[in-house]
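One structure below.
Number of protein chains: 2
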Amino acid sequence: MDARERRAARHRSPAAGNDVGSRRRRAPITPEQVVDAALGVVAAEGYEALTMRRLATALDTGPASLYAHVVNKADLDELLIGRLCAELVLPEPDPTTWRDQLRGVLAQMRDQYLRYPGISRAGLALAPTDREIARVSEGVLSILLTGGVAPQAAAWAADALLLYTAAYCLEVSIVRQRATEDDAVWVLDREEMRGRLAALPAATFPNTVRYAGELTAGEGHDRFDFTVGLVLDGLAHR
Amino acid sequence: MDARERRAARHRSPAAGNDVGSRRRRAPITPEQVVDAALGVVAAEGYEALTMRRLATALDTGPASLYAHVVNKADLDELLIGRLCAELVLPEPDPTTWRDQLRGVLAQMRDQYLRYPGISRAGLALAPTDREIARVSEGVLSILLTGGVAPQAAAWAADALLLYTAAYCLEVSIVRQRATEDDAVWVLDREEMRGRLAALPAATFPNTVRYAGELTAGEGHDRFDFTVGLVLDGLAHR
DNA sequence: CGTGGTCACGAACACTGTTCTAGTTACGAA
DNA sequence: TTCGTAACTAGAACAGTGTTCGTGACCACG
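In order, the protein sequences belong to chains A and B.
Note that the working numbering gives residue 144 to position 89 of the first sequence, counting from 1, and the numbers run on in steps of one.
Note that the working numbering gives residue 286 to position 231 of the second sequence, counting from 1, and the numbers run on in steps of one.
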């Protein structure tokens, strides 16, 4: 809009743009806005809270309007995961630092998933057809190949690592969500979980009882890092 | 029933035992029957088809009746996964064959999950509070410890392996389900998938295009076995 | 026999994703 | 400028989901 149009808009009555009977908004919603709003809802309320109605409310529109922009909910899922993947910064693979590079990309993926609690469930349900998802796969594969991993092992390891990342994040999201719920039955922080494991009958669960501490140990993403490390160690000796 | 009662029953009119107004069955449904029927539905139609109504139909009862036996759907999920785990045969850990033992337990878990397509999604959503789930965890942990893996590494590796198994099975279930759907958009067998990868722009996806074959390679559970092997190799060098 | 507990069932509720229909607006062509 | 069409929006409705509530029937026990 040029300055004249902007001024004309300011001089319009305030209600003019919000006519109750209006069937068209000033500016149509864009798919990008749909994705933005959806991610906003997921970030604030978790993936399970993302219903078409919830999303429509966030966009100040009706749920039926969303179908002008997304095919269905599965399509929306794909757009969401694609957006997450698009935001990952993939390094130029370097044969001297490829391990750290790999850890970095996986950590980014992990953190994206965790920024949007529960969304990795959508990631687990996708066939890898989205271009951005393929970009991340390409990035992981490239790092592994640059690191000297054989093509077949690199291909399968990339698959396994991305799969594990999604599953890990789903589990973390669920545990965190449970921690925020008021239902005391499920409030199991680490000490409580450790206590539960330690209280199992030792005759049936000797090692679980003995190593309850180790089973519940780990700060931050120790488990995640450990598993990635295992895979890297495994690859190093193939 | 003694012989006299059986004869009296046979002489009753056929409708007598099926009184329309009857609010109680001959023999009440048991939780075991609920789980059996639920697993039957999942095996035949997939996890997503398992609704309370579908289950109630399979049991020739009403959906509300199910709540006399299970707390809610999440509780049912837990019972189902518990049943799957209860059927796993855990070996007496042997320090000379622990690797094969571990592969065997994970393969059983994998196969149970795949026998009931999509059910591993329920497994991913559970807090590990069920006794049978804990039994399997104990079994995996024991094998690793017997194999000389340090307790902390064993604890975290057990966690990672079970998580990966569930995720792997979820993905396989989804791919298989898609293969059975008539919607041609999603019918991507291996050759088609390979073709799609190979058709990506080589400038953006050089390695994906070059190694489309490797990315789509693998028979049966090659990928699964590869990943478990990676973890074992990683553990061997810690 | 009376009572309490358990099971089963129907109706209803609140919610989900989605389709269908109709209204409105924007845009391009005549 | 007018008209037609495409695109967008919104409400109603549909079919489905998990679950609750109230009630009836049955069974076991005192």
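Don't be surprised by glycine CBs; every beta carbon is placed ideally from N, CA and C.
{"Asked": "Length-filtered (3 minimum) beta strand (DSSP E) runs lying within the stretch 155–213 of chain A", "Found": "none"}
{"Asked": "Residue span of the alpha helix (DSSP H) that contains residue 137(A), given as start and end", "Found": "128–141"}
{"Asked": "Chain A contacts from the stretch 209–221 of chain B (Cβ-Cβ distance under 7 Å)", "Found": "210, 211, 212, 214, 215, 218, 219, 221"}
{"Asked": "Amino acids of chain B, ordered along the chain, whose beta-carbon sits closer than 9 Å to that of residue 292(A)", "Found": "288, 289, 291, 292"}
{"Asked": "Own chain partners of residue 188(B) with C-beta closer than 6 Å, once the 5 adjacent residues on each side are dropped", "Found": "140"}
{"Asked": "Listed by chain order, chain A residues near residue 207(B) by CB distance under 7 Å", "Found": "269, 272"}
{"Asked": "Burial state of residue 144(A) (16 or more Cβ within 10 Å)", "Found": "exposed"}
{"Asked": "Cβ neighbour criterion (16 or more within 10 Å) applied to residue 177(A)", "Found": "buried"}
{"Asked": "Euclidean distance between Cα positions of residue 266(A) and residue 162(B)", "Found": "25 Å"}
{"Asked": "Touch test, the stretch 246–262 of chain B against the stretch 186–200 of chain B, Cβ-Cβ under 8 Å, three pairs minimum", "Found": "no"}
{"Asked": "Element boundaries [alpha helix (DSSP H), containing residue 281(A)]", "Found": "277–291"}
{"Asked": "Near-chain B residues of the stretch 115–148 of chain A (beta-carbon distance less than 9 Å), N- to C-terminal order", "Found": "none"}
{"Asked": "Proximity test, Cβ basis, 7 Å: residue 258(A) and chain B", "Found": "no"}
{"Asked": "Selection from 196(B), 258(B), 268(B) that minimises the alpha carbon distance to residue 262(A)", "Found": "196(B)"}
{"Asked": "Residues of its chain near residue 293(B), where Cβ-Cβ distance is below 8 Å and the 5 sequence neighbours each way are ignored", "Found": "204, 205, 208"}
{"Asked": "Which of helix, strand or coil DSSP assigns to residue 110(B)", "Found": "helix"}
{"Asked": "Top-ranked residue by Cα proximity to residue 210(A), from 273(B), 221(B), 258(B), 184(B)", "Found": "273(B)"}
{"Asked": "Cβ neighbours of residue 118(B) in the same chain (closer than 7 Å, five flanking residues each side left out)", "Found": "107, 108, 111"}
{"Asked": "As assigned by DSSP and simplified to three states, the class of residue 257(A)", "Found": "coil"}
{"Asked": "Contacting residues, own chain, Cβ-Cβ under 6 Å from residue 287(A) (five flanking each side not counted)", "Found": "154"}
{"Asked": "Contact belief for residue 294(B) with residue 225(B) at Cβ below 8 Å, rounded distance in angstroms", "Found": "Residue 294(B) is absent from the structure shown; chain B starts at 56 and stops at 293."}
{"Asked": "Boundaries (first-last residue) of the alpha helix (DSSP H) holding residue 91(A)", "Found": "86–100"}
{"Asked": "Span separating the alpha-carbon of residue 148(B) from that of residue 124(A)", "Found": "56 Å"}
{"Asked": "Neighbouring residues, chain A, relative to residue 188(B) (Cβ below 7 Å)", "Found": "Ordered by position in chain A, no residue passes the 7 Å Cβ test against residue 188(B), which lies about 11 Å from the chain."}
{"Asked": "Bounding residues of the alpha helix (DSSP H) (the contiguous stretch that carries residue 268(B))", "Found": "267–270"}
{"Asked": "Between the CA atoms of residue 284(A) and residue 76(A) - distance to the nearest angstrom", "Found": "Bear in mind that the predicted position of residue 76(A) carries a pLDDT of just 45, short of 50, making it too unreliable to give a figure here."}
{"Asked": "Minimum C-alpha distance to residue 138(A) - residue among 113(A), 170(A), 121(A)", "Found": "170(A)"}
{"Asked": "Reduced DSSP category for residue 246(B) - H, G, I as helix; E, B as strand; rest coil", "Found": "helix"}
{"Asked": "Chain B within 7 Å of residue 198(A), Cβ atoms only", "Found": "no"}
{"Asked": "Cross-chain neighbours of residue 228(B) in chain A, by beta carbon under 9 Å", "Found": "Result: empty, since nearest Cβ-Cβ is about 10 Å, beyond 9 Å."}
{"Asked": "Members of the stretch 168–179 of chain A that neighbour chain B once the beta carbon cut-off is set at 9 Å", "Found": "176, 179"}
{"Asked": "7 Å Cβ cutoff, residue 87(B) in contact with chain A", "Found": "no"}
{"Asked": "Sub-7 Å separation of residue 93(B) and residue 105(B) beta-carbons", "Found": "yes"}
{"Asked": "Any C-beta of chain B under 7 Å from that of residue 103(A)", "Found": "no"}
{"Asked": "Cβ-Cβ distance between residue 218(B) and residue 222(A) below 7 Å", "Found": "yes"}
{"Asked": "Distance between beta carbons of residue 121(B) and residue 89(B), contact taken as under 8 Å", "Found": "6 Å"}
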